[in-house]
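Numbering (the working numbering), first residue to last: 155 to 262.
The block underneath contains the structure these notes are about, expressed in structure tokens.
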Amino acid sequence: MKEVRLFVDPENVGRVMNAMADVGVTGFYAIEYRGVAPDRWAGFEIREDPESAIKALNDLSERAVMIVTVVPEECVEKLKDAAAERLAGERYTIIVTDVEEIHVDYGR
155 MKEVRLFVDP ENVGRVMNAM ADVGVTGFYA IEYRGVAPDR WAGFEIREDP ESAIKALNDL
215 SERAVMIVTV VPEECVEKLK DAAAERLAGE RYTIIVTDVE EIHVDYGR
């Protein structure tokens with residue numbers, strides 16, 4: 155099993171959801187956050203007092219969404235290809251990591 159994390163701009167969430175549906179993904183979660191892209195951060199140094207640091211984050215960061223799913227290994231390339239097709243010309247990042255174990259407790 156593999157964990158796939160897709161990082162996209164908020165306006166592209168629907169495209170990612172459709173890409174996942176295209177390859178049979180049955181579940182995922184999404185987190186909206188604010189992030190700083192490497193090209194905005196490169197060579198930048200901030201003052202370390204809390205107010206300045208928070209102001210820098212607010213000034214430099216952009217809204218983004220991280221969508222995470224766990225899929226069989228054979229599904230990863232299909233998902234990457236589907237995402238590339240749906241997100242052609244858009245900014246996105248995909249990170250794939252191994253999943254050693256999954257434990258689900260339904261609390262019953």
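Backbone N, C-alpha and C define an ideal beta-carbon position, used for all residues, glycine too.
If you measure between the beta carbons of Lys156 and Glu216, is that distance less than 8 Å? Contact check for Lys156 against Glu216 fails: the beta carbons are separated by 8 Å or more.
Sort Arg159, Asp193, Asp176, Glu255 by Cα distance to Glu186 and report the nearest one. Arg159
Note down, in chain order, each residue of its chain lying with its Cβ closer than 6 Å to the Cβ of Ile249, except the 5 sequence neighbours on either side. Arg159
Use the C-beta contact count for Phe161: other C-beta atoms within 10 angstroms, 16 or more gives buried, fewer gives exposed. buried
Inside the segment 196-259 only - beta strand (DSSP E) runs reaching at least 3 residues: Listed in chain order, they are 216-225, 246-252.
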